[in-house]
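Read through the structure below, which is laid out as structure tokens, and then see the notes.
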Amino acid sequence: MLAPILKMSSVVKEFPGVKALDDAHLNIYPGRVMALLGENGAGKSTLMKVMTGIYQKDAGSLFYQGVETNFRGPKDSQERGVSIIHQELNLIPGLSIGENIFLGREPVGAFGRIDWQTLYAESQQLLDMLNVQFSPKMLVGQLSIGEQQMVEIAKALSFSSSVIVMDEPTDALTERETESLFHVIRQLRAEGKGIVYISHRLKEILEICDDATVMRDGRFIAEASVSDLTEDRIIELMVGRSLEEQYPRIDVCAADEVVLDVQKLCAKGVDNVSFQLRAGEILGISGLMGAGRTELVKALYGANPLKSGTINVSGNSVNISTPAHGLQAGVVYISEDRKGDGLIVELGVRENMSLCSLKQFSGVLGVDRKEESTVVHDFIQRFNIKTPSADQLIKNLSGGNQQKVAIAKGLMLNPKVLIVDEPTRGVDVGARKEIYQLMNEFKAKGMSIIMVSSDMPEVLGMSDRILVMHNGKVTGEFIHSEATQEKLMRCAVGHQAEVA
Amino acid sequence: MNQQTLNAALAEKQKDTDKTNNLKFLFSKETLFEYKSVIALIVFMMVVSFISPSFFSAENLLNILRQSSVNAIIAVGMTFVILTSGIDLSVGSVLALTGALAATLLGLDFNLMLVVTITLAAGAALGCISGWIIAKGRVQPFIATLATMTLLRGATMVYTDGRPVSAFGGSASEAFSLIGTGYFLGIPVPVYIMALVFALAWYVLNHTRLGRYVYALGGNESATRLSGINVDRIKLAVYGISGALSAMAAIIVTSRLASAQPTAGTSYELDAIAAVVLGGTSLTGGKGRIMGTLVGVLIIGILNNALNLMNVSSYYQLIAKALVILLAVLVDTRSNKQ
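Those sequence lines, one after another, are chains Z and W. Using our numbering, the first residue of the first sequence is number 331, and each one after it goes up by one. Using our numbering, the first residue of the second sequence is number -3, and each one after it goes up by one.
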């Protein structure tokens, strides 16, 4: 095999409270596609950010074209031929496709005039190469996410880079767009470029990649040729443990008492959904992005307005139109977006944890900080939250500990129904297991839990019952023992489950 | 081993190390960083007292406090607003209108308590108008208060016909004049009011639910909303507080001048914002301390005083003030980046 164009060895990167990378390795070979594999939180994106200079590594080395290099930032790495297409798109919606592609390096003519003709002609060429049928003069804001992704790819191509990193490029693409992308990847490979391909879709890996590097918990696990790997072997390397070990589901004799009864609920993105939730049960809600899962639970909590339908909590009809009503009725929602609308990252653990339940600690003279601290400390211990003190700022905690704070915040109110939305997104494996154990503990105490998750093994592993949504509707309901990944997937793409 | 006893033991150990680290803590980088505005204030005072020996007399220091009190009281309200990531440009206009109101009430022979209460309530109500536009109308605070600033200044002009309103003539006028000019135990009355306002604000921000929600709202509005907190009510409250404190400042100003000027309070919002920012409160909200605002107010007050003592012309004073503010904020952003 050829010598790598880019070689990273023994890379270490630490953030306050978490070691994101610990002895990570990666080789990128010319004319080959390298798959970078690992679970959520395994450190793939961090490694890429270290590679392109967005983060500076704490230890280790990076050799680019045979020379030890340290990119000073994304601009530096891009100019020297290392391009990355991020999972989150970095386009400006108010500018045209062509303007976005050439942002910051527009071709100029006399007197600094932008040479629009060249700009749009070159943009057109790039789009043609990707088999995209848009005019480069269209505004990016009018494109779908998948189409925007293609613009990002066109932008990366315009740099004539020798290394191109694609972080989950097909997540938002249609089948046809994926096909065009693969066509382009094969073309780039033939031109001798080194490509890193990050994806959760193992079938794609087997189809398009030549080699694979597997990471787990920030560490390098293995590098192998894809032809020597099977899907099962990849999963084994990624997970490093069996499914049962990973999801410690417990069986609780669910009581017959119906805690939450939802009938014919319609709201933004939710179309006529009915279901029941019993005491001591975990109800998983599965589905693809945009299926209406988050919209459904937000409507239950009062964060999104109901259009029609009824909600009964413990047999009482309740009118929930603001989050305050939801809390009053005993429904608590832990957001999927911890930093966006879950926690206040610039405040401390204590302030965040007691935010919903501050009334409990308040008297005539204001907040009783002593009592508040006692309860907060109790939760920190019970949840094993790793923080130097109760006043540590949330932004300095690791994802797993942040999530535990978010759950504790909801549980301080002693809810009847706990709704967790993507409870383990961005959470490392160890903390993940602790969160599952906490959920089991509450379940054993008779609390009802609704868990929204895109992670199918998680839904299958933890739920007693599973609802699958597609396009705002429930397309399938399964009990734990009958559910399989294939059945859930069929319903998630819109096939109605056969009525058993 | 029981996890809880283990944790308790760890906490105990932590306390011990905390004690031994206290001294180290006092001079650590973090502490210096946290109290940089206080340190700047102290250095600043030392420099000024070298240049102008008359600076460090009790008389002059009390003078500075008295002169700063109006800006201080407005800046406290501004701190509440800025902590929620808002801004209140209308404070000067609220001051003018409520000052005219207070003078009118005195002329109508209202008693002192009633004059003060009605003026403060009117200020709170005027502030709530801005708050209501921002919360219910979803207008950006800058634009909403720019509008109310202009509107209320216009209303003041219409009401006073552009002429000062005398605070003389009523039976309570003499007592009223003591609010701005009186002394108690050798200390000017406005200084007591300022101290009381700071103490109350500190208590509200650190020991009440409202205070906690103010920080939460400034830190992350959608998270606060999702936590079941009525965000609109908090916005109404902070602009109401800002309005009431502007009215408090109006009472002091009107009392000192024995009349209400229709142009009173012009550009006071800028001094208040400058004091809040000098005190380390972030304009993006959610971060800052009320005592920082006190430091910011004092820096501005001392600067004005020192420039006067040094006989710097008022034209140059503006330039000097601008440079100090700019320097302080530049240093602040630099050190925040690290």
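By construction, the Cβ of each residue, glycine as well, lies at the ideal position given by its N, Cα and C atoms. These figures come from a predicted structure and were not determined experimentally.
Environment of residue i [buried if 16+ CB atoms lie within 10 Å]
i	result
residue 184 of chain W	buried
residue 307 of chain W	exposed
residue 336 of chain Z	buried
residue 179 of chain W	exposed
residue 830 of chain Z	Per-residue confidence for residue 830 of chain Z stands at a pLDDT of 40, beneath the threshold of 50, marking its modelled position as unreliable; the derived number appears in the next sentence. With fewer than 16 Cβ atoms within 10 Å of its Cβ, residue 830 of chain Z is classed as exposed.
residue 379 of chain Z	buried
residue 826 of chain Z	exposed
residue 154 of chain W	exposed
residue 382 of chain Z	buried
residue 682 of chain Z	buried
residue 531 of chain Z	exposed
residue 718 of chain Z	exposed
residue 51 of chain W	buried
residue 338 of chain Z	buried
residue 109 of chain W	exposed
residue 646 of chain Z	exposed
residue 172 of chain W	buried
residue 478 of chain Z	buried
residue 76 of chain W	buried
residue 334 of chain Z	buried
Top-ranked residue by Cα proximity to residue i, from the options
i	options	result
residue 687 of chain Z	W:73, W:196, W:223	W:223
residue 596 of chain Z	Z:630, Z:516, Z:332, Z:586	Z:630
residue 342 of chain Z	Z:521, Z:549, Z:441	Z:549
residue 764 of chain Z	Z:713, Z:603, Z:352, Z:521	Z:713
residue 385 of chain Z	Z:391, Z:377, Z:392	Z:377
residue 63 of chain W	W:321, W:294, W:31	W:294
residue 488 of chain Z	Z:446, Z:533, Z:435	Z:435
residue 175 of chain W	W:139, W:145, W:245	W:245
residue 771 of chain Z	Z:718, Z:449, Z:807, Z:610	Z:610
residue 671 of chain Z	W:227, W:299, W:220	W:220
residue 456 of chain Z	Z:441, Z:482, Z:472	Z:482
residue 187 of chain W	W:312, W:213, W:59, W:322	W:59
residue 123 of chain W	W:114, W:324, W:105, W:90	W:90
residue 468 of chain Z	Z:786, Z:743, Z:425, Z:577	Z:425
residue 130 of chain W	W:166, W:98, W:80, W:115	W:80
residue 821 of chain Z	Z:528, Z:747, Z:616, Z:658	Z:616
Extent of the continuous beta strand (DSSP E) run through residue i
i	result
residue 340 of chain Z	336 to 345
residue 805 of chain Z	803 to 809
residue 355 of chain Z	348 to 358
residue 605 of chain Z	600 to 608
residue 208 of chain W	Unbroken run through residue 208 of chain W is the alpha helix (DSSP H), 205 to 215; no beta strand (DSSP E).
residue 527 of chain Z	524 to 528
residue 593 of chain Z	588 to 597
residue 748 of chain Z	747 to 751
residue 545 of chain Z	541 to 546
residue 800 of chain Z	795 to 800
Integer Cβ distance of residue i from residue j, believed to fall under 8 Å
i	j	result
residue 256 of chain W	residue 250 of chain W	5 Å
residue 541 of chain Z	residue 680 of chain Z	Contact doesn't hold; Cβ gap of about 48 Å is too wide.
residue 524 of chain Z	residue 796 of chain Z	So it is not a contact: roughly 41 Å between Cβ atoms.
residue 589 of chain Z	residue 603 of chain Z	Going by Cβ atoms, the distance from residue 589 of chain Z to residue 603 of chain Z rounds to 17 Å, so no, they are not a contact pair.
residue 340 of chain W	residue 71 of chain W	The structure shown does not extend to residue 340 of chain W, since chain W is modelled only from -3 through 334, so no value can be given for it.
residue 82 of chain W	residue 137 of chain W	4 Å
residue 45 of chain W	residue 274 of chain W	Not really, about 20 Å apart at Cβ, beyond 8 Å.
residue 238 of chain W	residue 87 of chain W	6 Å
residue 612 of chain Z	residue 769 of chain Z	7 Å
N-terminal and C-terminal residue of the alpha helix (DSSP H) that residue i is part of
i	result
residue 510 of chain Z	505 to 520
residue 778 of chain Z	No alpha helix (DSSP H) holds residue 778 of chain Z; the beta strand (DSSP E) holding it covers 778 to 782.
residue 475 of chain Z	475 to 488
residue 453 of chain Z	446 to 459
residue 708 of chain Z	699 to 712
Distance cut-off 8 Å: residue i Cβ against heavy atoms of the ligand ADP
i	result
residue 493 of chain Z	Inclusion of the ligand ADP in the displayed structure is not the case, the ligand content being empty and no account of it being possible.
Open item on the list: Check whether the stretch 557 to 568 of chain Z and the stretch 399 to 414 of chain Z are in contact - that is, three or more C-beta pairs closer than 8 Å.
Closed with: no
Open item on the list: Three Cβ pairs or more, each shorter than 8 Å: is that satisfied between the stretch 694 to 713 of chain Z and the stretch 639 to 653 of chain Z?
Closed with: no
Task: At least 3 beta-carbon pairs within less than 8 Å: the stretch 118 to 133 of chain W vs the stretch 79 to 97 of chain W - done: yes
Open item on the list: Check whether the stretch 667 to 682 of chain Z and the stretch 276 to 284 of chain W are in contact - that is, three or more C-beta pairs closer than 8 Å.
Closed with: yes
Open item on the list: Under 8 Å, with one C-beta from each stretch per pair, do the stretch 349 to 365 of chain Z and the stretch 733 to 750 of chain Z reach the 3-pair mark?
Closed with: No, the stretch 349 to 365 of chain Z does not touch the stretch 733 to 750 of chain Z.
Task: Stretch-stretch touch, CB-based, cutoff 8 Å, three pairs: the stretch 184 to 193 of chain W with the stretch 260 to 276 of chain W - done: In this structure the stretch 184 to 193 of chain W does not touch the stretch 260 to 276 of chain W; the number of beta carbon pairs closer than 8 Å is below three.
Open item on the list: Is it the case that the stretch 514 to 528 of chain Z contacts the stretch 490 to 504 of chain Z, given that we only count it when at least three CB pairs across the two stretches are under 8 Å?
Closed with: Touching, per the Cβ criterion.
TODO: Examine the Cβ distances between the stretch 771 to 784 of chain Z and the stretch 739 to 756 of chain Z and report whether three or more of them are shorter than 8 Å.
DONE: yes
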